[in-house]
Amino acid sequence: MEEAICTHALYYTIWKKYGVLPERFNWQRISPDVMFYPLRPEFVESTYLLYQATKNPFYLHVGRDILTSLNNLTRARCGHATVHSVLDMTLEDRMESFFLSETCKYLYLVNHQNIFICFICFI
């Protein structure tokens, strides 16, 4: 659990710096290697699961932070757009299907903490 908490904290630091997560980050150079952000769900999914495991309200704060960033930085006329470059926050004219099916699902769940889904029940 501690390793998951520490890794999440590192990624949250990157999120706070750019407002989103670059597709690939170089830990030695402390800069993004691949600049785009296709609205992936893994960070918000980890946030939700860490909240469920620890009940630490910090993760609710992170969830609200993610939601605010996505609404402020990636919102487009008909949804949300992939970030072309985290450096200048230019957007692409596309939204991956996993944004709606996964990213939004976990954003909903982490911001409605009284809902718990038993993942083991579905395996």
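To get our numbering, take the position in the sequence shown, counting from 1, and add 109.
Yeah, the Cβ is synthetic: ideal placement off N, Cα and C, and Gly gets one too.
Note that the coordinates shown come from a computational prediction; the quantities given were computed from them, not determined experimentally.
Length of the line joining the Cα atoms of N181 and F134: Rounded to the nearest angstrom, the two C-alpha atoms are 22 Å apart.
Exposure label - L218; buried when at least 16 CB within 10 Å: Residue burial annotation: L218 is buried, with at least 16 other C-beta atoms found within 10 angstroms of its C-beta.
Pick from E205, V192, A118 and R186 that is closest to Y146, judged by C-alpha positions: Its Cα nearest to that of Y146, the residue V192 stands out among E205, V192, A118 and R186.
8 Å contact criterion, which H189 and L196 should meet: CB distance rounded: Wrong, their Cβ atoms sit about 19 Å apart, outside the cutoff.
Cβ-based burial, M110 [other Cβ within 10 Å; buried from 16]: Counting Cβ neighbours within 10 Å, M110 comes out exposed, since fewer than 16 surround it.
Sequence-distant residues of the same chain with beta carbon closer than 8 Å to S194, five excluded per side: Cβ within range, chain order: M144 and F145.
T101 in three-state terms, based on DSSP: Here the chain comprises residues numbered 110 to 232, so residue 101 is not present and cannot be evaluated.
Three-state class that DSSP yields for A162 in the structure shown: In the structure shown, A162 sits in a helix (DSSP, three-state: H, G or I).
Cβ neighbour criterion (16 or more within 10 Å) applied to T116: Residue burial annotation: T116 is exposed, with fewer than 16 other C-beta atoms found within 10 angstroms of its C-beta.
C-beta contact flag for R149 and T199 at 8 Å: No, these two residues do not count as a Cβ contact at 8 Å.
T191 in three-state terms, based on DSSP: Taken through DSSP and simplified to helix, strand or coil, T191 comes out as coil.
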